[in-house]
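Participant: Residues in the sequence shown are numbered from -6 upward in steps of one, following this note's numbering.
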Amino acid sequence: MKKGLIYFIVLSAVILTDCTSREESARRTAEDFLTSYYGADFSSARDYCTASFAALLDTAVSGFNDLPELIRANMAASAEKTECRITSIDAESFEDRIIVEFEISSEELTGTLKKKLLLAEEDGSFLVDSID
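1. Among G32, T52, F26, A53, whose alpha-carbon lies nearest the alpha-carbon of D40?
2. Check the C-beta distance from D83 over to E114 and give it rounded, since I have them as a contact under 8 Å.
3. Could you check the C-alpha separation between R21 and G56 for me, to the nearest Å?
4. May I ask which residues mark the beginning and end of the beta strand (DSSP E) holding D89?
5. Rounded to a whole number of angstroms, what is the C-alpha to C-alpha distance between S81 and F95?
6. Round the Cβ separation of V134 and T52 to the nearest angstrom and send it over; I've been treating them as touching at under 8 Å.
If you want it as structure tokens, here you go:
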């Protein structure tokens, strides 16, 4: 009985630690990606992406640097007023994927936008695989 209880406690601690470390890893990746992405630092944002999503990101922002400086400056000023807040992390629904829900708010927005990131596990790390 005593050995069974000890086994149960150790197993529970391992499971809880694994879930916590997966969620913490996902949170760090999501926060770093969102900070870079919404700060218009797309080259840094791609460091937190899977290869396929990084290619999509590159295509989507390919003309950003060709914009006139005044427009880029206005976008940067707007980005400084934008806040992203992670509202939930679902590390349980999929074995190799994590869903991160977040909200975007800004002085320039009326209301809050609710969005999701899908993070995929690659080589023990989580990387952004899509944004919705």
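Heads up, the beta-carbon is just placed ideally off N, CA and C, and yes, glycines get one too.
Just so it is clear, the structure is predicted and the values come from calculations on it, not from any experiment.
Facilitator: A quick look at the data gives this:
1. Residue nearest to D40 within the set G32, T52, F26, A53 is F26 (criterion: CA-CA distance).
2. Wrong, their Cβ atoms sit about 14 Å apart, outside the cutoff.
3. Straight-line Cα distance between these residues: approximately 28 Å.
4. No beta strand (DSSP E) holds D89; DSSP gives it neither H nor E.
5. Just so you know, the alpha carbons of S81 and F95 end up roughly 7 Å apart.
6. This structure does not reach residue 134, given that the chain is present from -6 up to 125, and the question cannot be answered.
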